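Everything on this sheet refers to the single structure shown next.
Numbering (the numbering used here), first residue to last: 1 to 278.
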C-alpha cells in the first residue's frame with residue numbers, strides 16, 4: 001500500500017477538480033501526497049479498485065452505490081444513505097466506506113453562505129446517489145418537509161422508503177411539478193446538466209426568497225442557475241462549495257487534519273467560467 005497515493009474514481013472523470021483541491025490541501029498542511037483521477041466505467045470499476053494500491057479514494061458518479069458491496073465496513077451515515085463517496089484502506093487491507101457529501105452540503109449552505117435550513121420546505125429533483133446524501137443531510141439539519149421528484153418515480157419512492165419518515169418526506173410525479181405549490185428550498189440533484197438536457201421547470205415552484213442549489217458546478221449547473229435567476233429566487237448557488245467541503249471532510253478522515261476551504265473556494269470560484277450567484 002502506498003501511504004501517499006489517493007485517487008478519485010468516476011466515469012467520466014476528466015472534468016474533476018478533486019486532484020487540484022487535494023493537492024492544495026496537502027500544500028497547506030505540509031502533507032506530501034499524490035492524487036489522481038481514474039476513469040472507471042461501471043463494468044470495470046471493481047477490477048480497477050482492486051488494482052489500486054493507495055491509502056484512500058473518492059468515488060463519484062456513477063459509482064457511489066456500486067461501491068457499497070466492495071466495502072468491508074460502512075459508516076452509519078453511508079449505510080443510511082446507501083451511497084459511498086470516500087474509501088479508506090483498513091489495516092487488514094479492506095475498504096471502509098464513508099459518505100461526506102451530506103456534511104459538505106450542509107456546511108456550504110449554513111457556514112459559507114450563512115443560510116438557515118431549519119423549517120424549510122424542500123424539493124429535491126433527482127433520486128440518485130447525490131440526491132440520497134442530500135436528502136438525509138437536509139432532514140438531519142432540520143428541513144421541515146421534503147418532496148422528492150424523479151423522472152423515474154420508482155427511484156423516488158425507493159429513496160422515500162429508505163428515509164422512512166412519511167410525515168416529512170413525500171414523492172410526486174415529475175409531470176405534476178406545476179401543481180405542487182412553491183418551495184423555499186429547491187435542490188437540483190439530476191444529471192441533466194452533465195448531458196446538456198433541459199429540465200423545463202415551472203416558475204411556480206419557487207417561493208419568495210427561495211434557496212435554489214445545484215449539486216453540480218460550472219457549466220453543468222449553468223442551465224438550472226440561469227432558470228433560478230429568472231425566477232428571482234432569493235439565493236442561487238452551485239455545488240462548488242459542497243465539492244470543496246466534502247473533499248475537506250475526506251481529507252480529514254485520511255490525514256487527521258481539516259484544511260482551510262475558504263482560500264480554495266475563492267481560487268476555484270474565480271477560475272470557473274460561470275459564477276454561482278450575483
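For every residue, glycine included, the Cβ atom is placed at its ideal position computed from N, Cα and C.
Because the structure is a prediction, the values reported are computed rather than measured.
Cα-Cα separation, residue i to residue j
| i | j | result |
| --- | --- | --- |
| residue 277 | residue 91 | For residue 277, the pLDDT reaches just 35, beneath the cut-off of 50, and the residue's location in the model is therefore unreliable, although a value from the coordinates is still provided. In a straight line, the C-alpha of residue 277 is about 44 angstroms away from that of residue 91. |
| residue 25 | residue 257 | 10 angstroms |
| residue 241 | residue 269 | 9 angstroms |
| residue 113 | residue 266 | 13 angstroms |
| residue 235 | residue 185 | 9 angstroms |
| residue 154 | residue 76 | 25 angstroms |
| residue 126 | residue 62 | 14 angstroms |
| residue 160 | residue 30 | 43 angstroms |
| residue 275 | residue 264 | Reliability of the predicted coordinates at residue 275 is poor, the pLDDT of 42 falling under 50, and the value obtained from them is presented with this limitation in mind. For residue 275 and residue 264, the distance between alpha carbons rounds to 15 angstroms. |
| residue 177 | residue 272 | 31 angstroms |
| residue 219 | residue 115 | 24 angstroms |
| residue 18 | residue 45 | 18 angstroms |
| residue 202 | residue 28 | 44 angstroms |
| residue 64 | residue 179 | 32 angstroms |
| residue 262 | residue 47 | 36 angstroms |
| residue 55 | residue 162 | 31 angstroms |
| residue 255 | residue 222 | 34 angstroms |
| residue 237 | residue 109 | 9 angstroms |
| residue 13 | residue 211 | 29 angstroms |
| residue 146 | residue 226 | 23 angstroms |
| residue 103 | residue 111 | 11 angstroms |
| residue 314 | residue 89 | With the chain covering 1 to 278 only, the question about residue 314 has no answer from this structure. |
| residue 191 | residue 70 | 24 angstroms |
| residue 187 | residue 128 | 13 angstroms |
| residue 294 | residue 198 | As displayed, the chain neither begins before 1 nor continues past 278, which places residue 294 out of reach and without an answer. |
Residue i vs residue j beta-carbon contact at 8 angstroms
| i | j | result |
| --- | --- | --- |
| residue 144 | residue 119 | yes |
| residue 139 | residue 107 | no |
| residue 253 | residue 21 | no |
| residue 207 | residue 183 | yes |
| residue 11 | residue 53 | no |
| residue 215 | residue 248 | no |
| residue 4 | residue 33 | yes |
| residue 209 | residue 174 | no |
| residue 66 | residue 42 | yes |
| residue 37 | residue 23 | no |
| residue 105 | residue 135 | no |
| residue 117 | residue 78 | no |
Buried/exposed call for residue i, threshold 16 Cβ in 10 Å
| i | result |
| --- | --- |
| residue 101 | buried |
| residue 213 | buried |
| residue 171 | buried |
| residue 35 | buried |
| residue 122 | buried |
| residue 246 | buried |
| residue 86 | buried |
| residue 204 | exposed |
| residue 259 | buried |
| residue 250 | buried |
| residue 72 | exposed |
| residue 51 | exposed |
Cβ-Cβ separation, residue j to residue i (assumed contact under 8 angstroms), whole Å
| i | j | result |
| --- | --- | --- |
| residue 217 | residue 181 | Not a contact, Cβ separation roughly 29 angstroms. |
| residue 9 | residue 59 | 5 angstroms |
| residue 158 | residue 149 | With 8 angstroms as the limit, residue 158 and residue 149 do not qualify as a contact, their Cβ atoms being about 14 angstroms apart. |
| residue 84 | residue 98 | 7 angstroms |
| residue 124 | residue 131 | 5 angstroms |
Neighbour flag for residue i against chain D, beta carbons, 8 angstroms
| i | result |
| --- | --- |
| residue 240 | Considering every chain present, this structure includes no chain D. It has just one protein chain. |
> Between the segment 94–105 and the segment 223–238, are three or more C-beta pairs nearer than 8 angstroms?
Replying inline: no
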